[in-house]
Amino acid sequence: DVKVTQSSRYLVKRTGEKVFLECVQDMDHENMFWYRQDPGLGLRLIYFSYDVKMKEKGDIPEGYSVSREKKERFSLILESASTNQTSMYLCASSARQLSYNSPLHFGNGTRLTVT
Amino acid sequence: SQQGEEDPQALSIQEGENATMNCSYKTSINNLQWYRQNSGRGLVHLILIRSNEREKHSGRLRVTLDTSKKSSSLLITASRAADTASYFCATLTDSNYQLIWGAGTKLIIKP
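Which chain is which? The protein sequence lines are A and B, in order.
Just so we're aligned, residue 1 is where the first sequence starts under the working numbering, counting upward by one.
Just so we're aligned, residue 1001 is where the second sequence starts under the working numbering, counting upward by one.
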């Protein structure tokens, strides 16, 4: 079974802090994704990566950056946290590119509160 | 970006009854996927149906896809309390292979 592990379930940070959200998958998946989930808005893609050191912007990349130094790890960075970044953050991975009908495997999420 | 839309937004039924959720979308798709999310947790993939398929089954789940109407339905038969969750559809566009998510249907199974 694929396991996607997000380092924190709950996180409280102050405005202006630099925040790191870590995600690790154990199935040698090529593709990794970061989403944020807000009530009534569904999931919105922040960044994704199809390979080590490769990253692509999603729909809402502003205020975020990512790092993929190793295949199994994909980090989301909030450069200077703001209150409108309070949200549930979900990491996901897929074995192949989505065009090959490869489903996503999600971590349990990190609920981030910025005060 | 465009979103799929689930209908209804919320559904409450008695244990043992069938639950039907619908998903409509706007663009041409490669596949449509359904996911379940228990409260405060990540999403779990349930079933994927390709654009050239019309119906698919997995255990108590039945998914149909009507590409002419740009809609899909998820049927859960003989519901159980453990089916209480939010259900999301996601469509993979066939133009740029982006996954577009709906806002979800919240399903409550009453014992």
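Even for Gly, the Cβ is constructed at its ideal location relative to N, Cα and C.
This structure is a prediction, so every number in the text was calculated from the model and none was measured.
Sequence-distant residues of its chain with Cβ nearer than 6 Å to residue i (five each side left out)
i, result
"residue 3(A)", "26"
Of the residues the options, the one placed nearest residue i, counting alpha carbons only
i, options, result
"residue 1035(B)", "1025(B), 1024(B), 1048(B), 1079(B)", "1048(B)"
"residue 1078(B)", "1027(B), 1007(B), 1026(B), 1062(B)", "1062(B)"
"residue 101(A)", "1111(B), 1081(B), 1051(B)", "1051(B)"
"residue 1044(B)", "1088(B), 1080(B), 1012(B), 1058(B)", "1088(B)"
"residue 1053(B)", "1072(B), 1008(B), 1039(B)", "1072(B)"
"residue 105(A)", "21(A), 19(A), 34(A)", "34(A)"
"residue 1085(B)", "1057(B), 1033(B), 1042(B)", "1042(B)"
"residue 29(A)", "114(A), 9(A), 73(A)", "73(A)"
"residue 1057(B)", "1037(B), 1033(B), 1068(B), 1067(B)", "1033(B)"
Classification of residue i by the beta-carbon crowding that lies within 10 angstroms, buried from 16 upward
i, result
"residue 1104(B)", "buried"
"residue 1002(B)", "Interpretation of residue 1002(B) is limited by its pLDDT of 39, a score under 50 that renders its predicted location unreliable; the figure taken from the coordinates is listed afterwards. Under this definition residue 1002(B) is an exposed residue."
"residue 1031(B)", "buried"
"residue 41(A)", "exposed"
"residue 103(A)", "buried"
"residue 1096(B)", "exposed"
"residue 164(A)", "Examination of residue 164(A) is not possible in this model, given that chain A is present from 1 through 115 alone."
"residue 64(A)", "buried"
"residue 1102(B)", "buried"
"residue 1009(B)", "exposed"
"residue 110(A)", "buried"
Check whether residue i and residue j have beta carbons under 9 Å apart
i, j, result
"residue 98(A)", "residue 1099(B)", "yes"
"residue 17(A)", "residue 78(A)", "yes"
"residue 1106(B)", "residue 1046(B)", "no"
"residue 1022(B)", "residue 1006(B)", "yes"
"residue 81(A)", "residue 14(A)", "yes"
"residue 90(A)", "residue 37(A)", "yes"
"residue 1013(B)", "residue 1093(B)", "no"
"residue 84(A)", "residue 9(A)", "no"
Beta-carbon contacts of residue i that lie in its chain and below 8 Å, excluding the five residues immediately before and after
i, result
"residue 54(A)", "68"
"residue 60(A)", "36, 44, 45, 46"
"residue 50(A)", "30, 31, 56, 97"
"residue 48(A)", "31, 32, 33, 34, 55, 56, 58"
Same chain, Cβ closer than 7 Å to residue i, neighbours up to 5 away in sequence not counted
i, result
"residue 1081(B)", "1015, 1109, 1111"
Residues, ordered as in the chain, of the segment 1058–1085 of chain B that lie near chain A by beta-carbon distance below 7 Å: none
Output needed in chain order: residues of the segment 34–68 of chain A with a Cβ under 9 Å from some Cβ in chain B. 35, 37, 39, 40, 41, 42, 43, 44, 45, 58, 59
Interface residues of the segment 1022–1044 of chain B facing chain A [CB-CB below 9 Å]: 1030, 1031, 1033, 1035, 1037, 1040, 1041, 1042, 1043, 1044
Can you pull out the residues from the segment 1085–1108 of chain B whose beta carbon lies closer than 9 Å to at least one beta carbon of chain A? 1088, 1090, 1092, 1094, 1097, 1098, 1099, 1100, 1101, 1102, 1103, 1104
Residues in the segment 1045–1057 of chain B with C-beta within 7 Å of chain A's C-beta atoms, listed in sequence order? 1045, 1048, 1050
Name, going along the chain, the residues of the segment 96–115 of chain A whose beta-carbon falls closer than 8 Å to a beta-carbon of chain B. 97, 98, 99, 101, 103, 104, 105, 106, 107, 108, 109, 111
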